[in-house]
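One structure is given here, and the rest of the page talks about it.
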Amino acid sequence: MMTNKIKIETIVNNVEYSERIEPRLLASDFIRENLHLTGTHVGCEHGVCGACTIKINGITSRSCLKFAIQLHGKTVETVESFSSNPQKKIILDTFKKFHALQCGFCTPGFLITVDELLQTENLENEKEIRKSLSGNLCRCTGYENIIKAVLELKKNRKKK
Amino acid sequence: MKPSPFNYFNADTIQKALDALSNNENAKILAGGQSLVPMMNFRLAQPDLLIDISNINELTKINEDIEYIEIGSLLTHSNAIKSTCLKKHFPIIPKAINNVAHHTIRNQGTVGGSIANADPASEWPLLVTLLECSIKVENKRGKRDILSEDFFESHFITNLKEDEIITSIKIPKIKNTHGWSFFEEAQRDGDFAIVETAAIIEIEKNNLIKKASIAIGGVDEKVIKLKNIENLLIGLDLNENLCNFKKQDIYDQINPFSDNHSSIEYKKHLSFVLIKKAINAAKEHILNNNDDK
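Protein chains in written order, with this note's numbering: chain A, 1 to 160; chain B, 161 to 453.
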């Protein structure tokens, strides 16, 4: 079966893109291969590991479970948007401070997820943080330092 | 891990989606895609046409009527948890739905998708069965309402015809004083349940039980209601021992299979323990005056 390429227009990290793609192209592959934004990592490709997490219209989504064609008309944020945004930069710096990563493969997914959790969830205690982050797998750190970083981020947000 | 080629149609109205569904063979509806897309990535599902209904906003609404709450099939799990209307009338819904997969999956996955998928160990089929909902489906020619007990048929098999789409779920309001509980045992946060149970107990003014609804998932080809236990509770005084039944009374009703995580014996034992826990917690909930309602 052959399918024609279809034109999509989408805004990724405040940049407008217009690309011709096949319907079966996953959003994760589109972001990495077509847009060359390789910060979004591809792990399991079936929604388990969380490494490919992005934001679509401000809400987190697995990019391996969306098709690029579904990004048409939508606004996308990837991990590349973090360093230029002061609010998100704090998350980067806190992860750095607590050494909340080792190899860094899972980190983009964690950063995007934590950014959303800080805005939408209460995260009253460590248990809630662990549950909220259960959809992101890290095979190096044992999660301890990631949890410490999120606890600190939460503490600092409350102060403000 | 890449899906096989397919054509894509972005349906922006229900009518366009229904037309496309009835005019094409091997077409699939794409809502949240949190179960369908993994299956497509594994090539377990290879539709020729994908009809994307995720942009039909009218299917995301929650409407309140005197007799029922009607939720649109495209409501995401996250929005179901956030809904003040659902929290007010059915606090069991946010409690249970918080156990659906993980945060990001709940952002995208939908009520209708979960029900159409009909995994016997997932939370929406349990709630829909417990709350005796009716499921509204449409095809090109018309609409029909299907009662939850007729909707689910077996593992991943429902009464839904190939040209039908689930558009909403009607949840009848509970008028009597009642208590509820939900328990799920899974290996990790976000995993599918090994066993999940929920109970609702309704009483009359004299503290006698008027109605009981007890559902269990993960231990049969579909979520089941334990009608023998429900009937046993009717007419009892709330302050009596409500768990005056034997293990075998539960075992006879369920038909679990063993898997990597647990044996048949373990699932049966867990079912018995969780059912007792659910009934007692629903009772406590009434006795504590529905504090958290």
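Glycine included, each C-beta is placed from N, C-alpha and C at the ideal position. The model shown is predicted, which means the values in this text are computed figures rather than measured ones.
Neighbourhood of residue i by C-beta, 6 Å cutoff - its chain only, sequence neighbours within 5 removed
i, result
"serine 294 of chain B", "Asp305, Leu307, Lys330"
"asparagine 415 of chain B", "Asp380"
"glycine 350 of chain B", "Ala261, His262"
"glycine 232 of chain B", "Leu219, Thr220, Lys221, Ser328"
"glycine 47 of chain A", "Arg62, Leu65"
"glycine 109 of chain A", "Gly50, Ala51, Thr53, Asn136"
Proximal chain B residues relative to residue i, where beta-carbon distance stays under 7 Å
i, result
"lysine 66 of chain A", "Gly193"
"lysine 131 of chain A", "Asp349"
"serine 179 of chain A", "Because chain A spans 1 through 160 in this model, residue 179 of chain A falls outside it and cannot be assessed."
"serine 61 of chain A", "Thr264, Asn267, Gln268"
Outcome for residue i when other beta-carbon atoms lying within 10 angstroms are tallied against a minimum of 16
i, result
"asparagine 259 of chain B", "buried"
"threonine 173 of chain B", "exposed"
"glycine 269 of chain B", "buried"
"valine 15 of chain A", "exposed"
"asparagine 122 of chain A", "exposed"
"isoleucine 226 of chain B", "exposed"
"asparagine 13 of chain A", "buried"
"leucine 368 of chain B", "exposed"
"serine 18 of chain A", "exposed"
"isoleucine 317 of chain B", "exposed"
"histidine 445 of chain B", "buried"
"histidine 99 of chain A", "exposed"
"leucine 204 of chain B", "exposed"
"asparagine 148 of chain B", "Look at the range of chain B in this structure, 161 to 453, and you will see that residue 148 of chain B is not part of it."
"glutamate 45 of chain A", "buried"
"glutamate 126 of chain A", "exposed"
"glycine 344 of chain B", "Note on residue identity: the sequence assigns glutamate, not glycine, to residue 344 of chain B. It counts as buried."
Rounded C-alpha distance that separates residue i from residue j
i, j, result
"aspartate 452 of chain B", "isoleucine 361 of chain B", "Note on aspartate 452 of chain B: pLDDT 46, under 50, position unreliable in the model; the coordinate value appears next. One C-alpha to the other measures close to 16 Å."
"asparagine 85 of chain A", "alanine 240 of chain B", "31 Å"
"serine 422 of chain B", "isoleucine 146 of chain A", "31 Å"
"leucine 235 of chain B", "glycine 273 of chain B", "10 Å"
"threonine 337 of chain B", "leucine 447 of chain B", "11 Å"
"methionine 200 of chain B", "aspartate 212 of chain B", "14 Å"
"tyrosine 411 of chain B", "leucine 153 of chain A", "49 Å"
"valine 288 of chain B", "methionine 161 of chain B", "33 Å"
"asparagine 395 of chain B", "isoleucine 253 of chain B", "Checking the sequence, you will find glycine at residue 395 of chain B rather than asparagine. Near 27 Å, if we compare the C-alpha coordinates of isoleucine 253 of chain B and glycine 395 of chain B."
"leucine 178 of chain B", "aspartate 323 of chain B", "7 Å"
"histidine 36 of chain A", "glycine 135 of chain A", "25 Å"
"leucine 196 of chain B", "alanine 278 of chain B", "12 Å"
"isoleucine 69 of chain A", "serine 431 of chain B", "44 Å"
"leucine 25 of chain A", "phenylalanine 105 of chain A", "22 Å"
"isoleucine 424 of chain B", "phenylalanine 417 of chain B", "6 Å"
"alanine 438 of chain B", "lysine 385 of chain B", "13 Å"
"leucine 118 of chain A", "alanine 276 of chain B", "32 Å"
"lysine 242 of chain B", "threonine 264 of chain B", "14 Å"
Contacts of residue i in chain A (Cβ-Cβ under 8 Å)
i, result
"phenylalanine 202 of chain B", "His46"
"aspartate 380 of chain B", "Chain A residues near aspartate 380 of chain B: none, gap ~26 Å exceeds 8 Å."
Residue i at chain C interface by Cβ criterion, 9 Å
i, result
"aspartate 419 of chain B", "Given the protein chain composition of this structure (A and B), no chain C is represented."
Residue i: contacting residues in chain B (beta-carbon distance under 8 Å)
i, result
"threonine 113 of chain A", "His263, Thr264"
"glycine 50 of chain A", "His262, Thr264"
"glutamine 119 of chain A", "The contacting residues do not exist; glutamine 119 of chain A stays about 12 Å from chain B at best."
"glycine 135 of chain A", "Ala261, His262, His263, Thr264, Ile265, Gly350"
"glutamate 22 of chain A", "Pro165"
Any C-beta of chain A under 9 Å from that of residue i
i, result
"proline 198 of chain B", "yes"
"phenylalanine 352 of chain B", "no"
"arginine 304 of chain B", "no"
"glutamine 268 of chain B", "yes"
"lysine 162 of chain B", "yes"
"glutamate 210 of chain B", "This sequence places leucine at residue 210 of chain B; glutamate is not what is there. Cβ-Cβ to chain A under 9 Å: yes for leucine 210 of chain B."
"proline 165 of chain B", "yes"
"serine 113 of chain B", "The structure shown does not extend to residue 113 of chain B, since chain B spans only 161 to 453, so no value can be given for it."
"asparagine 183 of chain B", "no"
"aspartate 452 of chain B", "In this prediction, aspartate 452 of chain B has a pLDDT of 46, which is less than 50 and means its spatial position is unreliable; what the coordinates show is noted afterwards. No - not a single Cβ of chain A is within 9 Å of the one on aspartate 452 of chain B."
"asparagine 170 of chain B", "yes"
Chain B within 9 Å of residue i, Cβ atoms only
i, result
"cysteine 81 of chain A", "The sequence given here places serine at residue 81 of chain A; cysteine does not occur at that position. No, no contact with chain B."
"aspartate 93 of chain A", "no"
"leucine 151 of chain A", "no"
"arginine 139 of chain A", "no"
"threonine 107 of chain A", "no"
"glutamate 144 of chain A", "no"
Chain-order list of residues whose beta-carbon lies under 7 Å from that of residue i (same chain, five-residue window excluded)
i, result
"asparagine 57 of chain A", "Lys74, Thr75"
"serine 314 of chain B", "Glu381, Lys382"
"asparagine 170 of chain B", "Asp212, Asn215"
"leucine 392 of chain B", "Phe405"
"alanine 191 of chain B", "Ile213, Ser214, Leu234, Thr270, Gly272, Gly273"
"glutamate 390 of chain B", "Ala372, Ser373, Ile374"
Same chain, Cβ closer than 8 Å to residue i, five either side skipped, listed in chain order
i, result
"asparagine 449 of chain B", "none"
"tyrosine 168 of chain B", "Leu209, Leu210, Asp212"
Cross-chain neighbours of residue i in chain B, by beta carbon under 9 Å
i, result
"serine 84 of chain A", "Going along chain B, no residue has its Cβ under 9 Å from serine 84 of chain A, so there is no contact; the nearest lies around 23 Å."
"threonine 38 of chain A", "Within 9 Å Cβ-Cβ: nothing; threonine 38 of chain A doesn't reach chain B, min ~18 Å."
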